[in-house]
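Per the numbering used here, the very first residue in the sequence shown carries number 3; after that it's consecutive.
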Amino acid sequence: MKLDYLQALKRAAEARGAWILHGQEPLLEQNLLDVFRKSWQQQEIERQRYDISSVNDWKTVFNALNSLSLFSQQLAIEVHGNIKPDANGLKQLKSYLQHNESNLLLIILPKQDSSSLKSAFFQTVEANGVVVPLTAAYPQDRQRILTVEAEKLGIQLDRDAWAWLMQHHEHNLLAAKNSLMRVNDTFPDHSLIQIEQLYACLQDQSRYTTYDLSDALLEGNLAQSIKIFQYLVASGEPHSLILWTLSKEMRLLMQLFEQPQNALQLGIWKTKVAHYQQALRRLNPQQFLSWPTMLLHIDAAIKGMSKENPEHLIQQGIAELCGKTLFSH
Numbered sequence: 003m004k005l006d007y008l009q010a011l012k013r014a015a016e017a018r019g020a021w022i023l024h025g026q027e028p029l030l031e032q033n034l035l036d037v038f039r040k041s042w043q044q045q046e047i048e049r050q051r052y053d054i055s056s057v058n059d060w061k062t063v064f065n066a067l068n069s070l071s072l073f074s075q076q077l078a079i080e081v082h083g084n085i086k087p088d089a090n091g092l093k094q095l096k097s098y099l100q101h102n103e104s105n106l107l108l109i110i111l112p113k114q115d116s117s118s119l120k121s122a123f124f125q126t127v128e129a130n131g132v133v134v135p136l137t138a139a140y141p142q143d144r145q146r147i148l149t150v151e152a153e154k155l156g157i158q159l160d161r162d163a164w165a166w167l168m169q170h171h172e173h174n175l176l177a178a179k180n181s182l183m184r185v186n187d188t189f190p191d192h193s194l195i196q197i198e199q200l201y202a203c204l205q206d207q208s209r210y211t212t213y214d215l216s217d218a219l220l221e222g223n224l225a226q227s228i229k230i231f232q233y234l235v236a237s238g239e240p241h242s243l244i245l246w247t248l249s250k251e252m253r254l255l256m257q258l259f260e261q262p263q264n265a266l267q268l269g270i271w272k273t274k275v276a277h278y279q280q281a282l283r284r285l286n287p288q289q290f291l292s293w294p295t296m297l298l299h300i301d302a303a304i305k306g307m308s309k310e311n312p313e314h315l316i317q318q319g320i321a322e323l324c325g326k327t328l329f330s331h
């Protein structure tokens, strides 16, 4: 079964079997994970998390699903990564789906290409479980999602305010949600938000977003990229979201280098294709080889798993994307 984000929100608390969440919208992923984790806590379901770095890691996942601890009657396993099970893992997945009705295998993947969505792995889960694409491709989809966010805050926006918010943030749902929270904090006595309130509290404060960082990175403008990065950090933007921006641009550039004719299929906006092509002409493809390791180092530093300074590493990543080097080796 395939569900969209809003349908999945309503069903997450009762989820069993196998679910796949895939996409590149951090707000949608985080909201769904929050609902899942809250429901597991309320139902006293044991939660385990696994990060897949090789095909062999799937053995550990399926072993865990088949061996409940003495204190658990149900288990929810969260799997993060972008490596799918091999033929043997697929066999174990099918067995799990046929015989295990009380546990949940929740698989969180980045955005997938069309061939991946047609793979036996996806088809097996879609036929016997649930697949949720974390996308909001059209303005009406984004407004529906943000309307739910506004309702959580107890506010409504009039037509002009919606138009301004959507235009101001283009397709950045997370930034738009932050703006809704900010306008609610700034005008706590207003249940109906009009364009004047939005404009008054956002024109100065939302000076830069991660999308401005993306634009500066694609232009190769190191000084502007570092300036925006420092602004984002100073205004409380999580390091993990800045890393997500860096990772997304690196991944898209590497994919476009391999598939130069498939820009739109890779999820690059039509108006941005020329920017990505220009960035590729500026960069040396040999650099791409070091990018995955660099992103892992930044992620480890953010999570406190290394002694390195995440901000220094992020700035190195920014410099790499701009085709520059901050430090000599």
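By construction, the Cβ of each residue, glycine as well, lies at the ideal position given by its N, Cα and C atoms. Please read these numbers as outputs of a predicted model, since none were measured by experiment.
Integer-rounded CB distance, given that residue j should sit under 8 Å from residue i
i	j	result
W246	P28	6 Å
Q267	S116	6 Å
V132	L298	With 8 Å as the limit, V132 and L298 do not qualify as a contact, their Cβ atoms being about 29 Å apart.
G319	L248	5 Å
Proximity to residue i [Cα-Cα], best of the options
i	options	result
I110	L291, N84, P294 and N102	N84
T211	S227, Q100 and Q76	S227
K93	N105, V127 and L258	V127
Y1	A302, S237 and A163	In the structure as shown, the chain begins at 3 and stops at 331. Residue 1 is therefore absent and cannot be evaluated.
Q232	D143, K274, L95 and P312	P312
R284	W271, Q317, E221 and L315	E221
S279	Y140, M256, K179 and L119	Before going on, a small fix: residue 279 reads as Gln here, not Ser. Looking at the Cα atoms, M256 is the closest of the given residues.
H277	G238, W293, L219 and M296	L219
Whether residue i touches residue j by CB criterion (7 Å)
i	j	result
L159	I195	yes
L167	C324	no
G91	W60	yes
W42	L108	no
G25	L175	no
V134	L23	yes
A178	H171	yes
> Taking three-plus beta-carbon pairs below 8 Å as touching, is the region 28–37 in contact with the region 6–15?
Replying inline: At 8 Å Cβ cutoff, the stretches touch.
>> To test your reading of the DSSP string, which unbroken alpha helix (DSSP H) runs of 4 or more residues are found completely within the region 209–241?
In response: Every alpha helix (DSSP H) stretch that sits fully inside the region 209–241 and reaches 4 residues is listed by chain position as 212–221 and 224–236.
> Are the region 44–54 and the region 62–71 touching, with three or more C-beta to C-beta distances below 8 Å?
Replying inline: Yes, they touch.
> Between the region 306–324 and the region 248–260, do at least 3 Cβ pairs fall closer than 8 Å?
Replying inline: With a cut-off of 8 Å on Cβ pairs, the region 306–324 is in contact with the region 248–260, counting three or more such pairs.
> Can you list, in chain order, the stretches of the alpha helix (DSSP H) that have 4 or more residues and sit fully within the region 244–304?
Replying inline: Secondary structure within the region 244–304: the alpha helix (DSSP H) runs of 4 or more consecutive residues, fully enclosed, are 275–284 and 293–304 (chain order).
> Could you give the uninterrupted runs of the alpha helix (DSSP H) lying entirely in the region 74–116, keeping only those of 4 residues or more?
Replying inline: The region 74–116 contains these whole alpha helix (DSSP H) runs: 89–101.
> Along the chain, which unbroken stretches of the beta strand (DSSP E) at least 3 residues long are found entirely within the region 18–80?
Replying inline: Secondary structure remark: continuous beta strand (DSSP E) runs of at least 3 residues inside the region 18–80, in chain order: 19–25 and 48–54.
> Going along the chain, which unbroken runs of the beta strand (DSSP E) with 3 or more residues stay wholly within the region 120–163?
Replying inline: Fully enclosed beta strand (DSSP E) runs of 3 or longer: 132–136.
>> Below 8 Å, how does it come out for the region 184–194 and the region 232–242: are there three or more Cβ pairs, yes or no?
In response: Counting Cβ pairs under 8 Å, fewer than three are found: no touch.
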